[in-house]
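Structure first, then comments.
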């Protein structure tokens, strides 16, 4: 049984370099590294160590590393390794444990041939807590040698040891990011770089955190993107091989600067450094969507899903790319798959509603938007990436409670669903209903950040083109994160014949 063990699984394929015994290796999946320390509060540490192990192993150009989101579903589960291997389509598994005692950290790992459950290798690795990056490199390097591949050198892992408090703040920042609490993540990571201004990984993680702060509206987009750019630039100044920092700069150039060539350059460099990063494939697909490279956009999203097959958000996002390509039935299929992974997933509901609206299935669309706006916390935001964890496991229950606390106040997602509801009501002919939604958003904007883009959508649904264009102009001034998709947004199609809209698109310098 897997139970409280870390699992690293390797998939066979004919297109990657052969392993040491002649078997071609395609991908590698990491299940949660369990906390076997006496202190149960160290669960965040085990999760952060899992993320670090994925990051190390993903630097091999010969492996595709499955994202952590898809392996979280096996935390504390009772499935055998052969069963997990069949579900993940893997050949080899490494199981192990992590123990933290004072300032010492120990990881034990063993390699198993999944179909036969045959144990073929085992080892234990131990270092001081201040050397956890080097410890993870030791483990990853040993695993890579066993399967006959090389890992790219990593400057950050060879850096001088950080003081324990710095590492503690960095690991807490990673943990809070995974839980979806971006403001807590940013606070921990800001503290880490204050304690150690040379901590490249903390700067890179901080940059990614500020992207979601901009997306969720926890800070005005202009401010969040500025902080994001500063953190990513500092990370790359200290280690130019950090893929996530290149990915963050690409996002700044995409959403704030509208520098398409610059964004693509950084996305491509990020994927060269870490071809197994599902998030970067997903983000790159957004650039391709804006540039009207629809087939490439869908393909890139499919790559992200292949790397993270049980991630409901990515599966739902595949539907979003299908939607923008005008493939409404395929969009519905993708969103439905996301619901099979996590019933009532917020993003799946939203994508279903958007697709139904484009098919003029207004009752169905309105139902989805109303349902999404009333979703339970675990189905909203970043916490949705946890998929179906084993809720009877103590750590999973702790994570669920924390995620519920975090996402219960995700008012920004409620705004997104509310604006979509308002647009659909207007398009369906229910003007009083749409007006009521509009009034609600305008009242909310007086005491919290509400994107002008959302307000513009409701006006567009009401057919008030002048007001819609006025609010799009405000969105331009505020650098609303979704504004970059205005040219492709099907709900804004009635505005495209308007001279003001065309002038605004030229001002954005969006590809025509």
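Residue numbers (full-length UniProt numbering): 1 to 512.
Even for Gly, the Cβ is constructed at its ideal location relative to N, Cα and C.
Option in the options with minimal Cα separation from residue i
i: residue 146; options: 57, 489, 297; result: 57
i: residue 444; options: 217, 106, 352, 50; result: 217
i: residue 424; options: 36, 300, 457, 452; result: 457
i: residue 41; options: 101, 223, 294, 187; result: 101
i: residue 90; options: 107, 109, 63; result: 63
i: residue 209; options: 240, 239, 247; result: 247
i: residue 149; options: 263, 28, 344, 466; result: 28
i: residue 105; options: 46, 355, 283, 367; result: 46
i: residue 429; options: 462, 128, 442, 503; result: 462
i: residue 94; options: 60, 370, 139; result: 139
i: residue 331; options: 319, 337, 112; result: 319
i: residue 480; options: 449, 267, 310, 459; result: 449
i: residue 181; options: 211, 117, 300, 299; result: 211
i: residue 271; options: 371, 244, 82; result: 244
i: residue 540; options: 416, 446, 460, 451; result: The requested residue 540 does not occur in the structure, where the chain is confined to residues 1 to 512.
i: residue 263; options: 287, 275, 277, 240; result: 287
i: residue 362; options: 482, 426, 301; result: 426
i: residue 82; options: 114, 65, 53; result: 114
C-alpha distance - residue i paired with residue j, whole-angstrom precision
i: residue 498; j: residue 485; result: 17 Å
i: residue 142; j: residue 253; result: 38 Å
i: residue 259; j: residue 185; result: 28 Å
i: residue 203; j: residue 235; result: 5 Å
i: residue 9; j: residue 85; result: With a pLDDT of only 47 at residue 9, under the threshold of 50, the placement of this residue in the model should not be trusted; the figure read from the coordinates follows. Taking the straight line joining both Cα atoms gives about 7 Å.
i: residue 33; j: residue 358; result: 43 Å
i: residue 73; j: residue 339; result: 15 Å
i: residue 22; j: residue 281; result: Residue placement at residue 22 is poorly supported in this model, since its pLDDT is 44, which falls under 50; the coordinates still yield a value, given next. Answer to the nearest angstrom: the Cα atoms are 29 Å apart.
i: residue 189; j: residue 171; result: 9 Å
i: residue 476; j: residue 508; result: 8 Å
i: residue 295; j: residue 329; result: 16 Å
i: residue 206; j: residue 250; result: 15 Å
i: residue 265; j: residue 238; result: 19 Å
i: residue 303; j: residue 176; result: 26 Å
i: residue 133; j: residue 284; result: 28 Å
i: residue 307; j: residue 334; result: 16 Å
Bridge partners - residue i, DSSP secondary structure assignment
i: residue 481; result: Residue 481 is not bridged to any residue.
i: residue 128; result: 104
i: residue 311; result: BP columns for residue 311 are empty, so no partner.
i: residue 64; result: 27
i: residue 35; result: 98
i: residue 145; result: For residue 145, which the question treats as bridged, DSSP gives no partner whatsoever.
i: residue 118; result: 113
Cutoff 8 Å; reference residue i; Cβ partners in own chain excluding five residues on either side
i: residue 439; result: none
i: residue 51; result: 68, 174, 178
i: residue 165; result: 195
i: residue 323; result: 331, 351, 354, 355, 358, 490
i: residue 242; result: 156, 200, 201, 204, 235, 236, 273
i: residue 300; result: 281, 282, 284, 285, 288
i: residue 469; result: 456, 495, 498, 500, 501, 504
i: residue 135; result: 105, 107, 125, 126, 127
Other residues of its chain near residue i: CB distance less than 7 Å, five sequence neighbours each side excluded
i: residue 162; result: 130, 196, 199
i: residue 227; result: 210
i: residue 224; result: 210, 213, 214
i: residue 492; result: 460, 486
i: residue 418; result: 373, 437, 440, 441
i: residue 231; result: 203, 206, 207, 210
i: residue 454; result: 415, 416, 419, 441
i: residue 309; result: 70
i: residue 365; result: 353, 356, 357, 424
As assigned by DSSP and simplified to three states, the class of residue i
i: residue 395; result: Per-residue confidence for residue 395 stands at a pLDDT of 38, beneath the threshold of 50, marking its modelled position as unreliable; no derived number is given.
i: residue 111; result: strand
i: residue 474; result: helix
i: residue 242; result: coil
i: residue 123; result: strand
i: residue 443; result: helix
i: residue 456; result: helix
i: residue 274; result: coil
i: residue 327; result: coil
i: residue 498; result: coil
i: residue 230; result: helix
i: residue 489; result: coil
i: residue 374; result: coil
i: residue 353; result: helix
i: residue 363; result: helix
i: residue 217; result: coil
i: residue 151; result: coil
Check: residue i C-beta below 7 Å from any heavy atom of the ligand NAD
i: residue 100; result: Annotation note on the ligand NAD: not contained in the displayed structure, which lists no ligands.
Residues near residue i in its chain [Cβ-Cβ closer than 6 Å; skip 5 each side]
i: residue 35; result: 42, 43, 46
i: residue 298; result: 321
i: residue 191; result: 169
i: residue 379; result: Confidence is the limiting factor: at residue 379 the pLDDT is only 44, short of 50, which leaves the residue's position unreliable, though a coordinate-based value still follows. 344, 345, 346.
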